[in-house]
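Engineer: Have a look at this one before I ask anything.
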Amino acid sequence: MIDPSNVLEKVARSLGRTSVLTAPPTPPELPEPLVRLVHTDFGLRELFAKRATELKMLVEPCYTEELPDKLAGFLKANNCRAIGMNVSKLLNGLGLPQSLRDAGLDVKTWDDLTLDSAYDLDAAVTDVTYAVAETGTLVIRTDANHGRSLTLVPKVHVAILQPKNFVPDLLDLMERLVKDGVGSHVTLISGPSKTADIEMNVVIGVHGPLIVKAYILS
Amino acid sequence: MATLSLPVAGDQNTNAFLHEAAAAKFDFHSVSVKAAGDEQLKLAVGGAVTRQDASRKMRMLDLPDPDAIRQLAGDIKQHTLDHLDYYLHQLGTNVEKNGGVVHFAKDGAEAKRIILDIATQEDTKRCIKSKSMVSEEIELAHALELAGLDVVETDLGEFIVQISHDKPSHLVQPIVHKDRKSIAKLFAEYFNTPYNDDPQALCQQARLFLRDKFRTSDLGITGGNFLVAETGHVVGVENEGNQRQSVTTPRVMIALVGIEKVIPRMTDLAVMIKLLARSATGQPITIYTNIYGGPRDKGEKDGPEVFHLILMDNGRTEILASEEYRETLRCIRCGACLNACPIYRSIGGHAYGSVYPGPIGALITPLMQGLGEFKDLPHASSLCGACYEACPVKINIPKHLINLRRDIVERKINHPIERFIYRAWAKSLKSPLLYKLNTKLQKLVLRSQAEEHGGWVTKLPSIASGWTTIRDMPQPAAKTFHELWKDR
Numbered sequence: 238m239i240d241p242s243n244v245l246e247k248v249a250r251s252l253g254r255t256s257v258l259t260a261p262p263t264p265p266e267l268p269e270p271l272v273r274l275v276h277t278d279f280g281l282r283e284l285f286a287k288r289a290t291e292l293k294m295l296v297e298p299c300y301t302e303e304l305p306d307k308l309a310g311f312l313k314a315n316n317c318r319a320i321g322m323n324v325s326k327l328l329n330g331l332g333l334p335q336s337l338r339d340a341g342l343d344v345k346t347w348d349d350l351t352l353d354s355a356y357d358l359d360a361a362v363t364d365v366t367y368a369v370a371e372t373g374t375l376v377i378r379t380d381a382n383h384g385r386s387l388t389l390v391p392k393v394h395v396a397i398l399q400p401k402n403f404v405p406d407l408l409d410l411m412e413r414l415v416k417d418g419v420g421s422h423v424t425l426i427s428g429p430s431k432t433a434d435i436e437m438n439v440v441i442g443v444h445g446p447l448i449v450k451a452y453i454l455s
Numbered sequence: 007m008a009t010l011s012l013p014v015a016g017d018q019n020t021n022a023f024l025h026e027a028a029a030a031k032f033d034f035h036s037v038s039v040k041a042a043g044d045e046q047l048k049l050a051v052g053g054a055v056t057r058q059d060a061s062r063k064m065r066m067l068d069l070p071d072p073d074a075i076r077q078l079a080g081d082i083k084q085h086t087l088d089h090l091d092y093y094l095h096q097l098g099t100n101v102e103k104n105g106g107v108v109h110f111a112k113d114g115a116e117a118k119r120i121i122l123d124i125a126t127q128e129d130t131k132r133c134i135k136s137k138s139m140v141s142e143e144i145e146l147a148h149a150l151e152l153a154g155l156d157v158v159e160t161d162l163g164e165f166i167v168q169i170s171h172d173k174p175s176h177l178v179q180p181i182v183h184k185d186r187k188s189i190a191k192l193f194a195e196y197f198n199t200p201y202n203d204d205p206q207a208l209c210q211q212a213r214l215f216l217r218d219k220f221r222t223s224d225l226g227i228t229g230g231n232f233l234v235a236e237t238g239h240v241v242g243v244e245n246e247g248n249q250r251q252s253v254t255t256p257r258v259m260i261a262l263v264g265i266e267k268v269i270p271r272m273t274d275l276a277v278m279i280k281l282l283a284r285s286a287t288g289q290p291i292t293i294y295t296n297i298y299g300g301p302r303d304k305g306e307k308d309g310p311e312v313f314h315l316i317l318m319d320n321g322r323t324e325i326l327a328s329e330e331y332r333e334t335l336r337c338i339r340c341g342a343c344l345n346a347c348p349i350y351r352s353i354g355g356h357a358y359g360s361v362y363p364g365p366i367g368a369l370i371t372p373l374m375q376g377l378g379e380f381k382d383l384p385h386a387s388s389l390c391g392a393c394y395e396a397c398p399v400k401i402n403i404p405k406h407l408i409n410l411r412r413d414i415v416e417r418k419i420n421h422p423i424e425r426f427i428y429r430a431w432a433k434s435l436k437s438p439l440l441y442k443l444n445t446k447l448q449k450l451v452l453r454s455q456a457e458e459h460g461g462w463v464t465k466l467p468s469i470a471s472g473w474t475t476i477r478d479m480p481q482p483a484a485k486t487f488h489e490l491w492k493d494r
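Taken in sequence, the protein lines are chains A and B. 238 is the number of the first residue of the first sequence in my numbering; add one for each residue after it. 7 is the number of the first residue of the second sequence in my numbering; add one for each residue after it.
Below you can see the structure in the form of structure tokens.
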């Protein structure tokens, strides 16, 4: 730590200590009834769908076998030709890169993409790390197989959700993040990018995707 | 290095306020009187923040016990402040474990120097900056521009502030004082395109312009809403996606954050997130919550190669040292107290003469910058308590404003004439004879004055004239209480 003006020592002195405290203090307990909004593991997909829809996310439950057709149809309907995907066991297992190519789309996975080329994509199709039912939030821990720009710069983001992705509450998400590791970057996505800066008019699609779609696999 | 050329534009009203606010001696009275007389400003700001306040109140009802969770959030922040040395050290150690570089800066000048050194050392050409109050506090963008760096504010509101040479007037909605017509006019001039005041079209225009800036940027600067000591991460919330850009595209990243932003654990973040967006904009959660720390991991193809965290003091340790005022550092900059405040609704943010306006600004501006110049701000409150009721971390703002008023008296910062009048008043209240004389005299002088001005005392004589420059008094009753009592 670079501290030429001894700010840290000044903090300690301001608190009446002669040196920086080294014994860990005990932070307040977080009473579950106060903090937790979702108390059950049942109906998480339905709750997620309800909340995410309120945030202008498009949510559609989907059987695995019908996904390739539905997805290709959705992308074409939104004029998306150049498609990026993260390198994903789930997406590969579903045969998605190939089925979308067969449907005439230009599909590249993250190993064939760069930050700069991501800017030229029309849409990203990705899996997610978690999905929070309480808030209808997609959570992605980015890594070598899943670029940060993938779900940020294209105008359409399609997320494929599995039952195992769901956590009930933000509290559960934070516990999972500590347990599984945060990595260098985790992003929580709760709908399409928006602003209300001009006379409080809500405008969808500022710097992030204009359309966020979630297929929930059963 | 190329410098951004920015056209001179902006509404004249705003610029006039700013000019006065920036004058060597800040005069809250004249600036606020002017602001309160601006009906358009009152309509725009008052209307917008009143709606925002209503949606906050509705959204808080999602929570099982809104009052108790506010108390909990306040307790978490207070605990962290009481042990801030421990948590800052823990945070710094963990950021370094994540591969980041940690700097402490004692003030704005030191923070700016660190940033310029990094920009020079890394030879960066284009900086994209996301919205951050702490950078407004030290006028960072301006300083970097002066040093020859190409700096682009990327939050839509802040971008508009930048190209109109304005200042933000709200913690969360920087351009709440601007109407769409003035923004449309500004864009037409800046981009040299036909006038169009459709918000959708204006956003599209900014999106396209800024997208190119993002793509070619090599330095990203963000603030931070929270710092998680346990894991060494910065947390930022936003709706637009421009902050995500700052942590995605540039190869060099700097987070500049106040030392008071630390929370102990990741689970504390759940409490804070649940309260922050609800209090700020009436949303259950912002569109994006970004949790980041350190440079990109091995194999990652985007995200920064170099990550710096600057922890800035700039007057915070002085507040920390006061057990009485320490709790004001709990503030999470949600702006709920501004939206709830009848004074802010009438005069807007610029009149406070500080980047931190509203009730919390009236409190922390004098604490951070000294009571001398800002001695009027603690009086910019009706003490109605709406701010305390709105605060998600339960800072007792009215109590502290009264304490500051006490400090003004104790430290003899108020005007000598004011002190003389109060001393004389106290004397007259202690003596029945003087009291009777005083009330008789007041009645005599003020009643006749009020009769000439439609039943209101609008101008007190000589030394007391300051009192009536910003308020009228009703006509005193025909009979004093003593007289009424006698006649009963």
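Just so it is clear, CB atoms sit at the ideal spot from N, CA and C, and this is done for glycine as well.
1. Would you kindly report the start and end of the unbroken beta strand (DSSP E) that includes E244/B?
2. Going along chain B, which residues have a C-beta under 8 Å from I426/A?
3. Going by DSSP in three states, V182/B sits in which element: helix, strand or coil?
4. Buried or exposed, going by whether 16 or more other CB atoms sit within 10 Å of the CB of P438/B?
5. Going along chain A, which residues have a C-beta under 7 Å from A74/B?
6. Pick from S354/A, V272/A, P298/A, V296/A: whose alpha carbon is nearest that of I320/A?
7. According to the Cβ coordinates, are G247/B and G299/B closer than 8 Å?
8. Mind the definition here: the stretch 387–406 of chain B touches the stretch 326–335 of chain B only if three or more C-beta pairs lie below 8 Å; say whether that holds.
9. Just checking: is the beta-carbon of L252/A within a distance shorter than 8 Å of some beta-carbon in chain B?
10. Tell me whether the beta-carbon of A433/A lies closer than 8 Å to the beta-carbon of G373/A.
11. Residues bridged to P298/A by DSSP?
12. At which residues does the beta strand (DSSP E) containing R378/A begin and terminate?
13. With DSSP run on the structure shown, which of helix, strand or coil describes C133/B?
14. Could you check whether the stretch 409–420 of chain A touches the stretch 264–283 of chain B, counting it as contact only if at least three pairs of C-beta atoms, one from each stretch, sit closer than 8 Å?
15. Does I124/B get closer than 8 Å to chain A when you measure Cβ to Cβ?
16. Beta-carbon separation of L450/B and V463/B under 8 Å?
17. Entirely within the stretch 281–360 of chain B and at least 4 residues each: give me those alpha helix (DSSP H) ranges in chain order.
18. With 8 Å as the threshold, decide whether the Cβ of G384/A is near any Cβ in chain B.
19. As a quick exercise: from Q168/B, V107/B, V268/B, Q179/B, pick the residue whose alpha carbon is nearest that of N245/B.
20. Report the residue from I370/B, D303/B, I166/B, S175/B whose alpha carbon sits nearest the alpha carbon of L216/B.
21. Go ahead and pull the three-state DSSP assignment for A27/B.
22. At 7 Å on the CB atoms, spell out the chain A contacts of I279/B, in chain order.
23. Whose Cβ in chain B lies nearer than 7 Å to the Cβ of D364/A?
24. May I have the straight-line CA-CA distance separating R186/B from I469/B, to the nearest angstrom?
25. Mark Y362/B as exposed unless 16 or more other C-beta atoms lie within 10 angstroms of its C-beta, in which case mark it buried.
26. Is the shortest distance between the beta-carbon of P438/A and the beta-carbons of chain B less than 8 Å?
27. Quick one: complete beta strand (DSSP E) runs, 3+ long, within the stretch 357–419 of chain A?
28. Using a Cβ cut-off of 8 Å (strictly closer), state whether F487/B contacts chain A.
29. On the criterion of 16 or more Cβ atoms from any shown chain inside 10 Å, does D380/A qualify as buried, or is it exposed?
30. How is K433/B classed by DSSP in three states: helix, strand or coil?
31. Thinking just about the alpha-carbon of each residue, which of R378/A, L292/A, S256/A, E269/A is nearest to the one in D303/B?
32. Determine the DSSP secondary structure at F110/B, reduced to helix, strand or coil.
33. So L331/A and L304/A are supposed to be a Cβ contact under 8 Å. How far apart are they, rounded?
34. Return no unless some Cβ of chain B is closer than 8 Å to the Cβ of M238/A.
35. Apart from the five residues just before and just after N316/A, which ones in its own chain have a Cβ nearer than 8 Å to its Cβ?
36. Let me see if you follow: with CB-CB separation under 8 Å, is H444/A close to chain B or not?
Structural biologist: Working from what's here:
1. 239–244
2. I293, Y294
3. coil
4. exposed
5. L271
6. S354/A
7. no
8. yes
9. yes
10. no
11. I453/A
12. 374–378
13. strand
14. yes
15. no
16. no
17. 322–327, 342–346, 348–353
18. yes
19. Q179/B
20. I166/B
21. Low per-residue confidence applies at A27/B: pLDDT is 48, beneath 50, and the placement is therefore not dependable enough to give any value.
22. L407
23. None at all; the shortest Cβ gap to chain B is about 17 Å.
24. 45 Å
25. buried
26. Checking the displayed sequence, the identity of residue 438/A turns out to be Asn instead of Pro. Chain B, which has a Cβ nearer than 8 Å to the Cβ of N438/A, makes this yes.
27. 360–364, 367–369, 374–378, 393–398
28. no
29. buried
30. helix
31. R378/A
32. strand
33. 6 Å
34. yes
35. D359
36. yes
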